[in-house]
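> If you count by UniProt numbering, then the sequence shown holds residues 250 to 615, one letter each, in order.
One structure coming up, written as structure tokens, with questions to follow.
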Amino acid sequence: EKGGYDHFMLKEIYEQPLAIKDTYRGRLLVNEAIIKLSGVEDNMKRFLNADRIIIVACGTSWHAGLVAEYIFEDLARIPVEVEYASEFRYRNPVITEKDVVIAISQSGETADTLAAIKLAKSKGAFVFGVCNVVGSSIARETDAGAYTHAGPEIGVASTKAFTTQITILTLIALRLARAKGTMSSSDYRRQLQELELIPEKVTEALKADKHIQAIAETYKDSRNMLYLGRGYNFPVALEGALKLKEISYIHAEGYPAAEMKHGPIALIDENMPVIVIATKKGHYEKVVSNIQEIKARKGKIIGIVTQGDVSVRELADHVIEIPETLENLSPLLTTIPLQLLSYHIAVMLGKNVDQPRNLAKSVTVE
Ligand code: M6R
250 EKGGYDHFML KEIYEQPLAI KDTYRGRLLV NEAIIKLSGV EDNMKRFLNA DRIIIVACGT
310 SWHAGLVAEY IFEDLARIPV EVEYASEFRY RNPVITEKDV VIAISQSGET ADTLAAIKLA
370 KSKGAFVFGV CNVVGSSIAR ETDAGAYTHA GPEIGVASTK AFTTQITILT LIALRLARAK
430 GTMSSSDYRR QLQELELIPE KVTEALKADK HIQAIAETYK DSRNMLYLGR GYNFPVALEG
490 ALKLKEISYI HAEGYPAAEM KHGPIALIDE NMPVIVIATK KGHYEKVVSN IQEIKARKGK
550 IIGIVTQGDV SVRELADHVI EIPETLENLS PLLTTIPLQL LSYHIAVMLG KNVDQPRNLA
610 KSVTVE
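Laid out in structure tokens, this is it:
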């Protein structure tokens, strides 16, 4: 059932090219330059009349929501707030009938997310679900939605759910961008073409596996790790750190790269590995100067870079290359090496990768 892989997590990491394709299949029509999502189409007025979108989720799904915040604001010019479902529901939040709430959940059973949905509905908001499990509680409770079609995710550490959530949220944002006229038709076409190429670029990114395994061997005994990214890749840094924490039990933190100088830089010494997402588009020069700051303090640098990168390679202790893509699609690729790095470290430390201690696949208690 693990399809020849040692763990479900590894199988699911490798399933991502297909899972992403399954998620956009029949929805992304590149030749016609159309995105078809009935849940969005049927409720277009609600989306277009919304003053803002509020995203509620937990854990990895919350990280997908953060990526979506950048995507929706950048492409569709709709203000977005991203909330931990558990905080949102107890905060007496201001919600009106004009709000659109997007709830993201792989399992569709997360208690806090479900409660946040019920609260939003009771205030008259329109609630749209992004779930993986068909017929789940959240899928049933929401007014409309779109499934991710990632297939069953068994490993407790979420992998393909994350990348397929970003895929579907990108489709929604692009559809709304077209409807709102915030994007030229040539940019829109370009987006569709590039999104269609993502599965093969994920396959390409997976080829770094052996190289990542060697990096894992070097750092597996670290007590702490820091993950840095900016813009679209700041949430990816958070997700990379969560992945390491939950399966290897190594303490890790994700930060926006520029925030480092406001505190975390004090932690950096020769024993601190710092994983820096430094792809070509998106604040590249700024990230390079952040890398210089780490190097000056003798931190160990693992750079996630665009193929052919020169500047980061000169400074970093290791680089892991990913193919080039549009900036807003880069999280779909930068995530891959971080998943593999956590996986290999956890395996080397002899941890229970698929069922880490203290964790369950779906958190049905608040
Ligand atoms: O099923 P959900 O997407 O609602 O689950 C949310 C979180 O519990 C989940 O993403 C959790 O953080 C994962 N174990 C992360 O890998």
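We put the CB at the ideal spot given by N, CA and C, even for glycine.
Does the distance from the C-beta atom of I447 to that of L575 stay below 7 Å?
no
> Apply the 10 Å Cβ neighbour rule to Q414 and answer buried if 16 or more other Cβ atoms are within range, or exposed otherwise.
buried
> Kindly provide the ranges of any beta strand (DSSP E) runs that are 3 or more residues long and lie completely inside the segment 279 to 322, ordered along the chain.
302 to 306
> Which one of A506, I304 and K429 has the shortest CA to CA distance from L477?
A506
> Note down, in chain order, each residue of its chain lying with its Cβ closer than 7 Å to the Cβ of H593, except the 5 sequence neighbours on either side.
I461, Q462 and A465
> The alpha helix (DSSP H) spanning S435 covers which residue range?
S434 to L455
> Pull up the distance between the alpha-carbon of Y383 and that of I327, whole angstroms please.
What sits at residue 383 in the sequence shown is Val, not Tyr. The straight-line gap from Cα to Cα measures roughly 28 Å.
> Should A406 be listed as close to ligand 1, given that the test is whether its C-beta is under 6 Å from any heavy atom?
In this structure, ligand 1 has a non-hydrogen atom nearer than 6 Å to the beta-carbon of A406.
> Could you have a look at N381 and say whether DSSP puts it in helix, strand or coil?
coil
> Does ligand 1 have a heavy atom nearer than 6 Å to the CB of S335?
no
> Of the residues S356, K535 and D392, which one's Cα is nearest the Cα of S371?
D392
> Confirm the yes/no value for this check: CB of G308, any heavy atom of ligand 1, distance under 6 Å.
yes
> Using C-beta distances below 6 Å, list every residue in its chain close to K529, excluding the 5 sequence neighbours before and after it, in chain order.
T555
> Between the beta-carbon of S310 and the beta-carbon of S354, is there less than 7 Å?
yes
> Hey, out of M597, T419, V536 and H500, whose CA is closest to M509's CA?
V536
> Here's the rule I'm using: 16 or more other beta-carbon atoms within 10 Å means buried, otherwise exposed. How should A395 be labelled?
It is buried - the Cβ of A395 has at least 16 other Cβ atoms within 10 Å.
> Quick one, are the C-beta atoms of G404 and M597 less than 7 Å apart?
no
> Take L444 and list the residues in its own chain whose beta-carbon comes closer than 7 Å to its own, dropping the five residues that flank it on each side.
Y273, L277, T419 and L578
> Can you tell me whether Q355 sits near ligand 1, meaning its C-beta is under 6 Å from at least one heavy atom of the ligand?
yes
> Taking the beta carbon of S356 as the centre, do at least 16 other beta carbons fall within 10 Å, making it buried, or is it exposed?
buried
> Starting from the Cα of E290, find the closest Cα among V329, I421 and V343 and give me that residue.
I421
> Alpha carbon to alpha carbon, what distance is there between I553 and Y533?
11 Å
> Shorter than 6 Å, the distance from the beta carbon of T359 to the closest heavy atom of ligand 1, or not?
Relative to ligand 1, the beta carbon of T359 is positioned inside 6 Å of a heavy atom.
> Answer yes if the segment 512 to 519 comes into contact with the segment 490 to 497, meaning at least three C-beta pairs across the two stretches below 8 Å, and no otherwise.
no
> Measuring CA to CA, which of K456, Y504 and C380 is closest to A306?
C380
> Whole angstroms are fine: how far does the CA of Q440 sit from the CA of Y498?
A straight line joining the alpha-carbon of Y498 with that of Q440 spans about 38 Å.
> Could you check if S611 belongs to the surroundings of ligand 2, using beta carbon to heavy atom distance under 6 Å?
This structure simply doesn't include ligand 2; it includes ligand 1 instead.
> With C-beta atoms as the reference, is S386 less than 7 Å away from E346?
no
> Is it the case that the Cβ atoms of E318 and V331 are separated by a distance below 7 Å?
yes
> If we call anything under 7 Å between Cβ atoms a contact, is A595 one with K409?
no
> For V279, I'd like the list of residues in its chain whose CB is within less than 7 Å of its CB, leaving aside the five on either flank, ordered along the chain.
Excluding the 5 residues flanking it on each side, V279 has same chain C-beta neighbours closer than 7 Å at L441, Q442 and E445, in chain order.
> If you draw a straight line from the C-alpha of S435 to the C-alpha of E250, how long is it?
44 Å
> Specify whether the segment 478 to 486 and the segment 595 to 615 touch according to this definition: at least 3 beta carbon pairs, one from each stretch, less than 8 Å apart.
no
> By how many angstroms is the C-alpha of K547 removed from the C-alpha of D566?
10 Å
> Would you mind giving the Cβ-Cβ distance between V561 and I543, rounded to the nearest angstrom? I have them listed as a contact below 8 Å.
11 Å between Cβ atoms; not a contact.
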